[in-house]
Amino acid sequence: MTRVSKVRRETLETIVELELDLDGDGGHTIETPYPALNHLLGSLVRFSGFSLRLNARNRVECDEHHLTEDVAIALGEALNRALGNKKGIGRFGYCLVPMDEVLTAISLDLSGRPFFSHNMVFDQTTIGNIGTSMIPHFLRSLSNSSGLTLHVVMLRNGDAHHVAEAVFKAVGLALKQAVSVTGSTIPSEKGVL
109 MTRVSKVRRE TLETIVELEL DLDGDGGHTI ETPYPALNHL LGSLVRFSGF SLRLNARNRV
169 ECDEHHLTED VAIALGEALN RALGNKKGIG RFGYCLVPMD EVLTAISLDL SGRPFFSHNM
229 VFDQTTIGNI GTSMIPHFLR SLSNSSGLTL HVVMLRNGDA HHVAEAVFKA VGLALKQAVS
289 VTGSTIPSEK GVL
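First residue of the sequence shown: 109, per our numbering; consecutive thereafter.
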């Protein structure tokens, strides 16, 4: 079974093209105008074990909000498409990830029911060239577009960059667990996800 999908999302504001392979090797080519976003996405992909080719650009001059959101929407759509009917997947993923003084817990469910909750606190308003408000916005948009239930619990907050990087790595690790093929049936008493 090939678990690869391609998504092209084009709006009046952005163009996003990506190819996602759930059974990749953590390799990635990520091109957006925002190096901080590229770095965080690279961390997520590396720790998920996916492979990702992503090219995203603004069509109009604007801040990072629209592009960050559209990248998350496209990635969520690609994840959902690549999973197909979700037969055999582990469905749930969870982990604890430290980064120096920061400790984050992630729990997620590929349930088809989008929900996002977090208690992240940022000690600065930007990380590189993106606003820290984009971190929860990206994760909420990913959750909504993929049907993912995602809880981000900061057990210890700290430096804003450490918070963001720990969260993206943890989401990657939890997704790796959730998409892993561990059985032969759809993991739901309903028979569908």
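The beta-carbon is built from N, C-alpha and C at its ideal position, and this holds for glycine as well.
Are residue i and residue j closer than 9 angstroms when you measure CB to CB?
{"i": "N163", "j": "L175", "result": "no"}
{"i": "A286", "j": "L216", "result": "yes"}
{"i": "A144", "j": "F246", "result": "no"}
{"i": "P244", "j": "F276", "result": "no"}
{"i": "S251", "j": "G184", "result": "yes"}
{"i": "L256", "j": "A190", "result": "no"}
{"i": "L263", "j": "L204", "result": "yes"}
{"i": "D133", "j": "G239", "result": "no"}
{"i": "A186", "j": "V115", "result": "yes"}
{"i": "S113", "j": "E125", "result": "no"}
{"i": "K284", "j": "G150", "result": "no"}
{"i": "R248", "j": "A182", "result": "no"}
What separation, rounded to the nearest whole angstrom, lies between the Cα atoms of residue i and residue j?
{"i": "K195", "j": "E139", "result": "32 angstroms"}
{"i": "A268", "j": "L211", "result": "12 angstroms"}
{"i": "V233", "j": "M242", "result": "This sequence places Thr at residue 233; Val is not what is there. If you take the alpha carbons of T233 and M242, they lie about 10 angstroms apart."}
{"i": "N188", "j": "S254", "result": "5 angstroms"}
{"i": "M109", "j": "G192", "result": "10 angstroms"}
{"i": "N237", "j": "S296", "result": "41 angstroms"}
{"i": "A213", "j": "A272", "result": "12 angstroms"}
{"i": "A282", "j": "S156", "result": "7 angstroms"}
{"i": "L120", "j": "E177", "result": "14 angstroms"}
{"i": "D208", "j": "D231", "result": "15 angstroms"}
{"i": "H259", "j": "L218", "result": "12 angstroms"}
{"i": "V153", "j": "S292", "result": "25 angstroms"}
{"i": "E169", "j": "P141", "result": "11 angstroms"}
{"i": "N227", "j": "G135", "result": "30 angstroms"}
{"i": "H173", "j": "P222", "result": "20 angstroms"}
On the DSSP letters alone, give me the boundaries of the beta strand (DSSP E) that residue i sits inside.
{"i": "D129", "result": "T122 to D129"}
{"i": "V115", "result": "V112 to E118"}
For the ligand COA, I want to know if residue i counts as a neighbour, meaning its beta carbon is within less than 8 angstroms of at least one of the ligand's heavy atoms.
{"i": "T234", "result": "Inclusion of the ligand COA in the displayed structure is not the case, the ligand content being empty and no account of it being possible."}
What whole-angstrom Cβ distance do residue i and residue j have, given they're in contact under 8 angstroms?
{"i": "V289", "j": "N265", "result": "No, V289 and N265 are not in contact; Cβ-Cβ is about 35 angstroms, not under 8 angstroms."}
{"i": "R317", "j": "T137", "result": "With the chain covering 109 to 301 only, the question about residue 317 has no answer from this structure."}
- Message: Report the start-end ranges of each alpha helix (DSSP H) in the segment 134-187 that is 4 residues or longer and not cut off at the edges.
- Response: 143-156
- Task: Jot down the residue ranges of each uninterrupted alpha helix (DSSP H) in the segment 203-274, minimum 4 residues, whole runs only, in chain order.
- Result: List check, alpha helix (DSSP H) in window: 242-254.
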